[in-house]
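Below is one structure, written out as structure tokens, with a few remarks after it.
Numbering (the working numbering), first residue to last: 2 to 168.
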């Protein structure tokens, strides 16, 4: 029995709420596995992008051997950041460290308004040594490369946050 004049409340159907309350979908482990498979499927194209970034850095340094502009250094920094991201994602620790070193150096050159191309060339060669297509270096060889990169960074006053430099 309803009273005369009492309001009736009507709740519209909420499809989203109904879907959320139904069982189904993927569980967390399935989602993680699918995501890892997706990341792995991008490995080769990503490492190809690293090779292109290294080539771009080499080209900029070679074409502007007389002196890199601030824009050139900003582009080198951008390419280095791309390499850091991809190398870190796919577990290429030495490539990651060499790219971080390049970024630190490029940043220092920008801050100090230096235009030297030679240290960029040396870093690009180091990136080639650590690229996925290169023959892997021994630990001693890698440490020697990093020691030389550290000398370049120190010479140009680059602040470095690399783990190898803090030991």
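In this text, a Cβ means the ideal position worked out from N, Cα and C, and glycines have one as well.
All values derive from a computational prediction rather than experimental measurement.
Please say whether residue j and residue i have beta carbons closer to each other than 8 Å?
i	j	result
residue 95	residue 153	no
residue 100	residue 123	no
residue 78	residue 54	no
residue 102	residue 48	no
residue 71	residue 111	yes
residue 98	residue 147	yes
residue 125	residue 62	yes
residue 150	residue 116	no
residue 141	residue 65	no
When you compare each of the options to residue i by their alpha carbons, which one comes out closest?
i	options	result
residue 67	147, 88 and 120	120
residue 56	160, 143, 128 and 140	128
residue 81	73, 104 and 87	104
residue 90	45, 64 and 31	45
residue 159	43, 149 and 109	109
residue 51	149, 93 and 23	93
residue 88	28, 41, 113 and 8	41
Let's see if you can read the secondary structure: which residues bound the alpha helix (DSSP H) around residue i?
i	result
residue 156	140-156
residue 95	94-112
residue 89	71-90
residue 17	16-22
residue 122	119-131
residue 10	Looking at the DSSP string, residue 10 is not in any alpha helix (DSSP H), and its letter there is neither H nor E.
How about residue i: is its Cβ closer than 7 Å to a heavy atom in the ligand NAD?
i	result
residue 147	Only the bare structure without any ligand can be found here, which leaves the ligand NAD out of the picture.
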